[in-house]
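Numbering (this note's numbering), first residue to last: 3 to 390.
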């Protein structure tokens, strides 16, 4: 093992670089007794309303979500706001604002040249003039242009006020988006996040907060600064015809691994050894769901994937589930909790085994012993969990 010190825009981070029902039961590991899996409103109730808006978060809470998830990026004046990416083009109406046309620019995000409008080039006052829009073209677009982009503080305030009103704890599950990118433009996220949590009185493992990141270095930095729960996200680029994980940049490894020359990938993080290392700095691991249970295509005699439902398209409905992996079991052995993502209702996003029923998918993953999951449709997730 070797240790490197990454200095980026004044942020010092120490990086350690290391060289069917019977099917579901095969890898089942019970969650802790008496604890229901957490349901996280993924970007709020983003299947129904534009993501990362107070309205979407409020709906997720009303639907029974235990946590709401604000992805965090920083404005030019250093305010944390809730956006899925520092790029604003896909989730706001910025492209229709002539006064901001000149702000469109190219920046390198995790090594990829990206042309868009970046939150770090806008003040909070300017951000507040924008309105959110639905990022998925196949979802309801009727709420586009109605809702503002919230600050992280507004999300905290909402969680606290709704907890008091409902008489139950609503947690927040912030993700630090592209930490190295933000540090490089002089807007590091970590201490801003910690300052907000400290002001909220949330500094302990028992606090209603879980911080997540696809990078490892900033989680290690955060571990030295706070006791709130930390989760390591695990990404990938896709799934091949046989159900194998596809790795391709920039979704092949944490970007801090790229910076330090670490040859490991996200796949390495979910090996038994990788999970043990995660346990040295995080409380849990949150892999993309195919790492836990994937589906494969059925290949015909012509060498092409079969259209199992005869709808003329090849999608998730034309895959059949493979047996579960040992990731949950190995994570539990390492002392880690396991969350997974992202669960969605649309039939085209469900394997053939589930027959178009999202509740069947939830129940299959609950049977693996996961401790929580992220859903765009929290009401469906809560109903499936509570009907077990």
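Here a beta-carbon is modelled for each residue, glycine too, at the ideal position from N, C-alpha and C. This one's a predicted model, so the numbers in the text were calculated from it and none came from an experiment.
In this structure, DSSP gives residue 375 an extended state, which the three-state scheme calls strand.
Contact between the segment 111-130 and the segment 73-84 is established, with three or more Cβ pairs separated by less than 8 Å. Each of 161, 204, 192, 238 was checked against the Cα of residue 68, and the nearest Cα belongs to 161. Within 10 angstroms of the beta-carbon of residue 114 lie fewer than 16 other beta-carbons, which makes it exposed.
Contact check between the segment 275-289 and the segment 327-336: three or more CB pairs, one atom from each, fall below 8 Å, which counts as touching.
Leaving aside the five residues that flank residue 241 on each side, the residues in its chain whose CB is nearer than 7 Å to its CB run, in chain order, 247, 248, 292, 296.
Under the DSSP assignment, residue 259 falls outside any beta strand (DSSP E), being part of the alpha helix (DSSP H) whose first and last residues are 257-262.
Taken atom to atom, the span from the alpha-carbon of residue 73 to that of residue 233 is near 14 Å. In the DSSP assignment, no residue is bridged to residue 274. Excluding residues up to 5 positions away in sequence, 56, 84 lie with their Cβ nearer than 6 Å to the Cβ of residue 152 in the same chain.
The beta carbons of residue 380 and residue 147 sit about 24 Å from each other, so the pair does not count as a contact at 8 Å. The alpha-carbon of residue 196 is positioned some 8 Å away from that of residue 228.
Looking at the DSSP output, residue 89 shares a beta bridge with 120.
Taking the Cβ atoms as the reference, residue 320 lies roughly 6 Å from residue 354, within the contact range of under 8 Å.
Within the DSSP bridge table, the entry for residue 232 names 213 as partners. Annotation: residue 136 is outside any alpha helix (DSSP H) and is labelled neither H nor E by DSSP.
Residue range 56-64 is occupied by the alpha helix (DSSP H) that includes residue 64. Here residue 372 has 33, 39, 294, 330, 340, 341, 342 as same chain residues with Cβ atoms under 8 Å from its own Cβ, once five neighbours each way along the sequence are excluded. Under DSSP, residue 289 forms a beta bridge with 236.
Counted as a single uninterrupted DSSP element, the beta strand (DSSP E) harbouring residue 110 occupies residues 107-111.
When rounded, the separation of the alpha-carbon atoms in residue 142 and residue 49 is 8 Å. DSSP, reduced to helix, strand and coil, places residue 342 within a strand of the structure shown. Relative to residue 94, the option among 171, 117, 136, 104 whose CA is nearest is 136.
For residue 88, the closest alpha carbon among the candidates 204, 70, 179 is that of 179. Here the alpha carbon of residue 61 sits roughly 33 Å from the alpha carbon of residue 311. Assigned with DSSP and collapsed to three states, residue 73 falls in strand.
Look at residue 42 here: in three-state DSSP terms it is strand. C-alpha of residue 209 to C-alpha of residue 191: approximately 20 Å in a straight line.
The straight-line gap separating the alpha-carbon atoms of residue 145 and residue 52 is approximately 7 Å.
Spanning the alpha carbons of residue 252 and residue 117 requires a straight line of approximately 16 Å. In the DSSP assignment, residue 321 forms a beta bridge with 299. The C-beta distance from residue 154 to residue 181 rounds to 15 Å, too long to meet the 8 Å contact threshold. Around the beta carbon of residue 383, 16 or more other beta carbons lie within 10 angstroms, which makes this residue buried.
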